[in-house]
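Written below as structure tokens is the structure these notes are about.
2 protein chains.
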Amino acid sequence: MTDATEAHQTGPLTGLRIVEFGHFIAAPFATRVLGDLGAEIIKIEPPSGDPVRSWGEQLDGKSLWWSSHARNKKSVCLNLKDPAAREIALGLVAKCDAVIENFRPGQMEKFGLGPDDLASVKPGCILVRISGFGQTGPRAMEPSFGMIGEALGGIRHLTGHPPDVSDLPPVRTGVSLGDTVAGLYGAIGLLAALHEQKGLTLPQDTPVRIVDVALTESVLSLLEGVLPEYGALGKIRRPEGARLPAAAPSSAYACADGSFILIGANSDPLFAQLMRVMARDALIDDPRFIDNPSRVANIDAIDDEISSWTKSREPEALLAELQAAGIPSSKIYTAADIVADPQYQARGAVQAVRDPVLGQDILQPAPVPRFHGENPEGIAWPGPAIGEHTEPVLKGLLNLSDEDYRHLKDSGTIGSA
Amino acid sequence: MTDATEAHQTGPLTGLRIVEFGHFIAAPFATRVLGDLGAEIIKIEPPSGDPVRSWGEQLDGKSLWWSSHARNKKSVCLNLKDPAAREIALGLVAKCDAVIENFRPGQMEKFGLGPDDLASVKPGCILVRISGFGQTGPRAMEPSFGMIGEALGGIRHLTGHPPDVSDLPPVRTGVSLGDTVAGLYGAIGLLAALHEQKGLTLPQDTPVRIVDVALTESVLSLLEGVLPEYGALGKIRRPEGARLPAAAPSSAYACADGSFILIGANSDPLFAQLMRVMARDALIDDPRFIDNPSRVANIDAIDDEISSWTKSREPEALLAELQAAGIPSSKIYTAADIVADPQYQARGAVQAVRDPVLGQDILQPAPVPRFHGENPEGIAWPGPAIGEHTEPVLKGLLNLSDEDYRHLKDSGTIGSA
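Those protein sequences? They're chains E and A, same order as listed. Per the working numbering, the first sequence starts with residue 2, numbered consecutively. Per the working numbering, the second sequence starts with residue 2, numbered consecutively.
If you want it as structure tokens, here you go:
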């Protein structure tokens with residue numbers, strides 16, 4: 002056990018206590034964001050651990066992702082199949098401000114931790130429930146898979162090349178986007194429900210305040226004009242590959258070394274400036290490219306012109322020339338570029354966090370958003386071991402005696418690191 | 002002018018008043034989410050209007066996207082280049098709970114609406130500032146472009162096919178993802194700052210509470226194990242196309258009609274089940290596919306097997322067979338599929354909102370998250386006309402007389418629909 006429970010988180014949510022019955026990504030991402038802002042996160046974890054502990058690259062048997070995914074959280078290991086563990090969980094709920102979970106709908110009820118159970122120990126308890134399809138409707142009880150939620154939410158259809166360019170399938174966004182966006186909405190819902198209860202005295206019979214977040218609907222909320230345009234015009238937006246759909250030129254262009262740079266010259270002055278940089282001034286007044294609608298109509302022609310210029314040059318030289326001319330342009334960053342970037346360095350956007358289990362500093366993204374001038378790190382400790390905080394939390398919050406603690410541990414009701 | 006100001010938003014944020022100095026996507030997306038939850042949003046808009054009013058498909062000169070992007074907001078038209086408009090803006094700030102803006106850093110100060118100005122009328126004013134690079138660092142003052150923020154944040158590198166599959170560039174995520182994720186963090190920051198001030202009496206000299214959201218860092222926060230794995234192992238994650246990087250088989254597979262379906266059979270039992278459905282039982286015990294690490298090592302071989310099965314079949318028949326066998330699978334939804342989906346219909350996830358300007362019902366995604374049992378729509382009115390609420394807001398909140406209102410309108414300080 003590290004001294005993590007002694008480290009105090011600071012930030013605007015200091016003093017807020019949240020119990021997480023979460024696993025995988027969505028609810029744990031919500032609590033990562035809330036913990037980064039100072040909330041105390043008590044993560045209830047089964048003896049087998051959160052599955053993310055074994056995801057991605059490992060070092061000495063510990064997932065590197067875990068180090069950032071579970072940072073600032075207290076792991077309390079409970080075997081919820083044991084009725085005695087349920088009593089402990091309810092004891093923690095009674096002492097917290099909100100609960101967040103992302104089990105398949107019905108599972109919390111099976112644990113004896115459904116809304117009525119929570120309300121019995123904490124009237125008006127805020128319960129954020131994140132699931133694949135939401136808590137209602139014919140598919141509510143189905144398990145959630147991020148890949149499928151993203152497809153149903155409509156974003157997968159848009160992350161591909163147009164059919165006339167490639168017959169390859171649309172790609173994943175590369176991260177578990179549906180889960181993380183649902184997690185962000187979960188954090189928003191939790192804070193909104195807290196605001197609603199501000200200053201109220203809740204009678205003993207107040208039911209639970211349920212915040213219902215569906216992964217599918219979280220993705221759907223990002224789709225901009227897709228639904229309005231379909232409804233009014235019957236238009237089905239198609240994937241547009243590397244391009245912006247409604248403005249040109251703006252795309253990724255191949256360089257001599259096979260890498261790509263992004264160029265966004267999709268206004269009349271920027272387009273003219275780009276043509277001057279390319280020494281193709283004659284194209285500025287070409288009727289095919291005279292304004293944005295014309296450029297969009299002749300997008301292949303203009304992209305061919307730009308590509309034939311970029312293809313014979315190295316990316317560094319191109320970017321230097323474009324940036325000197327004030328044309329929005331960029332390399333496509335990898336992890337190595339991010340770590341080397343001066344703006345990120347100036348902001349401390351990548352933090353090196355000492356991980357006692359891994360025995361080294363682990364690179365992690367800094368908390369978002371930043372609160373001016375205070376606690377720029379916001380990372381008190383990295384992802385804990387299973388049950389690392391069982392003892393201090395149960396003894397501290399529930400006044401569990403040494404004897405009772407030993408008894409519960411011997412019986413397998415609780416676990417500790 | 003519609004009767005929009007009479008329509009009352011309900012929801013957990015009812016009673017909260019937020020002034021938005023926003024344009025384009027990020028800050029307006031934050032206020033869409035907050036307005037959906039019941040907050041009163043006063044959007045300060047220039048006489049030329051928010052540029053999104055002219056983005057995407059139009060109907061009778063009104064952007065369809067605008068109908069959902071600006072819903073539940075009050076548009077107050079102010080020409081901020083006029084000093085008299087500044088006084089009105091400060092009057093509104095004095096009466097609100099928080100301010101959110103996404104101008105280029107320095108622009109609010111140029112308007113005379115910098116942190117000190119806001120604090121002079123509202124001590125401790127919460128000011129959420131969303132920008133491309135954040136409020137500090139060498140690139141802070143540069144304009145923000147979503148495409149570039151997404152590239153610097155590291156997600157663009159991951160949304161492509163691996164180099165051995167295609168030399169096409171990585172795609173956009175199809176939506177302005179960096180802006181919307183930054184908007185979600187802006188909403189979280191605003192609510193967190195409100196929580197922090199709960200119950201406090203702020204002295205007259207309390208400075209502004211700044212919440213600093215960078216588009217780049219918002220994207221970076223989504224990158225899961227990318228930074229920890231690079232830091233500890235030097236591993237640079239590469240784009241993986243349609244596949245999950247660490248589990249197989251899970252990808253998009255082409256059908257006879259050229260469309261794709263998603264299949265996720267990346268556990269031992271699901272893989273065995275899929276092989277039985279494909280009548281390829283012999284592959285279950287094939288050493289190349291015996292467990293997940295083996296399948297990942299032989300991912301091309303297993304994907305070839307699955308593709309050769311899907312390619313000769315129609316998607317409907319495939320999905321019926323897969324779903325009967327309990328194998329996670331899905332069509333890749335377009336707008337038409339979303340609108341026709343029974344789960345979305347049962348949840349009211351797509352709302353038809355009467356738009357008086359467009360003269361018809363406009364399809365919009367429902368608010369996220371849902372608050373149990375209350376106001377399932379959460380959409381009181383669609384995106385307003387420029388200055389549609391100038392008169393009721395200024396007369397109602399600032400007690401502006403009819404004479405002063407006419408004078409300000411005649412002088413061009415304010416505008417109204």
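For every residue, glycine included, the Cβ atom is placed at its ideal position computed from N, Cα and C.
Supposed contact pair L223 (chain A) and A152 (chain E) - C-beta distance, whole angstroms, cut 8 Å: Wrong, their Cβ atoms sit about 18 Å apart, outside the cutoff.
In the segment 247-258 of chain E, which residues sit with their C-beta less than 8 Å from some C-beta in chain A, listed in chain order? A247, S251, S252, A253, Y254, A255
Could you tell me which residues DSSP pairs with K236 (chain E) in its beta bridges? None, per the DSSP bridge assignment.
Delimiting residues of the beta strand (DSSP E) encompassing F22 (chain E): Note, F22 (chain E): beta strand (DSSP E), 18-22.
Using a Cβ-Cβ cut-off of less than 8 Å, give me the residues of the segment 45-57 of chain A that come near chain E, in sequence order. W56, G57
Using the rule of at least 16 other Cβ atoms within 10 Å of the residue's Cβ for burial, across every protein chain shown, is A386 (chain E) buried or exposed? buried
Along chain A, which residues have their Cβ under 9 Å away from the Cβ of W310 (chain E)? Those do not exist, as W310 (chain E) stays about 15 Å from chain A at its closest Cβ, beyond 9 Å.
Spatial neighbours of G147 (chain A) within its chain, please: CB distance less than 6 Å, with the 5 preceding and 5 following residues excluded, ordered by chain position. Excluding its 5 nearest sequence neighbours in each direction, G147 (chain A) has C-beta neighbours in its own chain below 6 Å: S177, G179, D180, listed in chain order.
Opposing strand residues paired with Y406 (chain A) [DSSP bridges]: Partner(s): none; Y406 (chain A) has no beta bridge.
By Cβ distance below 7 Å, which residues in the same chain neighbour W56 (chain E) in space, the five residues on each side in sequence not counted? S64, W66
Does the CB of T202 (chain A) have a neighbour CB from chain E at under 8 Å? Cβ-Cβ to chain E under 8 Å: no for T202 (chain A).
Give a yes or no on whether 8 Å exceeds the smallest Cβ distance from D213 (chain E) to chain A. yes
What are the boundary residues of the alpha helix (DSSP H) that V220 (chain E) is part of? 216-221
Grab the span of the beta strand (DSSP E) containing S76 (chain E) for me, first residue to last. 74-79
Between E241 (chain E) and P163 (chain E), is the Cβ-Cβ spacing less than 8 Å? yes
If we call anything under 8 Å between Cβ atoms a contact, is P52 (chain E) one with N80 (chain E)? no
Between which two residues does the alpha helix (DSSP H) holding D362 (chain A) run? No alpha helix (DSSP H) holds D362 (chain A); the beta strand (DSSP E) holding it covers 361-366.
Can you give me the C-alpha to C-alpha distance between T6 (chain E) and G16 (chain E), rounded to a whole angstrom? Residue confidence is low: T6 (chain E) scores 47 on pLDDT, short of 50, so the model does not pin down where it sits. No coordinate-derived value is stated.
Mind checking T174 (chain A): buried by the 16 CB within 10 Å criterion, or exposed? buried
Would you please state the rounded distance, in angstroms, between the beta carbons of E102 (chain E) and R130 (chain E)? I believe it to be under 8 Å. The beta carbons of E102 (chain E) and R130 (chain E) sit about 6 Å from each other, so the pair counts as a contact at 8 Å.
Grab me the residues of L203 (chain E)'s own chain with a C-beta within less than 6 Å of its C-beta, minus the 5 sequence neighbours each way, in chain order. P124, G125
Going by C-alpha to C-alpha distance, which of A:A86, A:F30, A:I307 sits closest to G184 (chain A)? Its Cα nearest to that of G184 (chain A), the residue A:F30 stands out among A:A86, A:F30, A:I307.
Identify, in the order they occur along the chain, each residue of the same chain with its Cβ nearer than 7 Å to the Cβ of R54 (chain E), setting aside the five sequence neighbours on each side. Excluding sequence neighbours, R54 (chain E) sits near S64, W67.
What runs of the alpha helix (DSSP H), each 4 residues or longer, lie entirely inside the segment 125-196 of chain E? 147-153
Can you tell me which of the three DSSP states G397 (chain E) falls into? helix
For A249 (chain A), which option in A:A71, A:L91, A:D269 has the closest C-alpha, if you only look at C-alpha atoms? For the residues A:A71, A:L91, A:D269, the minimum Cα distance to A249 (chain A) belongs to A:D269.
Unbroken beta strand (DSSP E) run spanning V100 (chain E), endpoints: 99-102
Quick one: using the 10 Å Cβ neighbour count with 16 as the cut-off for buried, is E404 (chain A) buried or exposed? exposed
Relative to the C-alpha of A297 (chain A), which candidate in A:F272, A:A321, A:R314 has its C-alpha closest? The question names Ala, yet the displayed sequence has Val at residue 297 (chain A). Ranking the options by Cα distance to V297 (chain A), first place goes to A:F272.
Return helix, strand or coil for F290 (chain A), following the three-state DSSP convention. helix
Ignore the nearest five residues each way along the sequence and tell me which others in A99 (chain E)'s own chain have a CB closer than 6 Å to its CB. I19, I127, L191
Please confirm whether M148 (chain A) has its beta-carbon closer than 8 Å to some beta-carbon of chain E. yes
Suppose the cutoff is 6 Å on Cβ atoms and the five residues either side in sequence are ignored; what does the same chain contact list for E197 (chain E) look like? none
Pick out whichever of A:A28, A:Q205, A:A283 has its Cα sitting closest to the Cα of F104 (chain A). A:A28
Give me the chain A residues within the contact set of W66 (chain E), using Cβ-Cβ distance strictly less than 8 Å, ordered along the chain. E225, G226, P229, E230
Where do the ends of the alpha helix (DSSP H) carrying D269 (chain E) lie? 269-278
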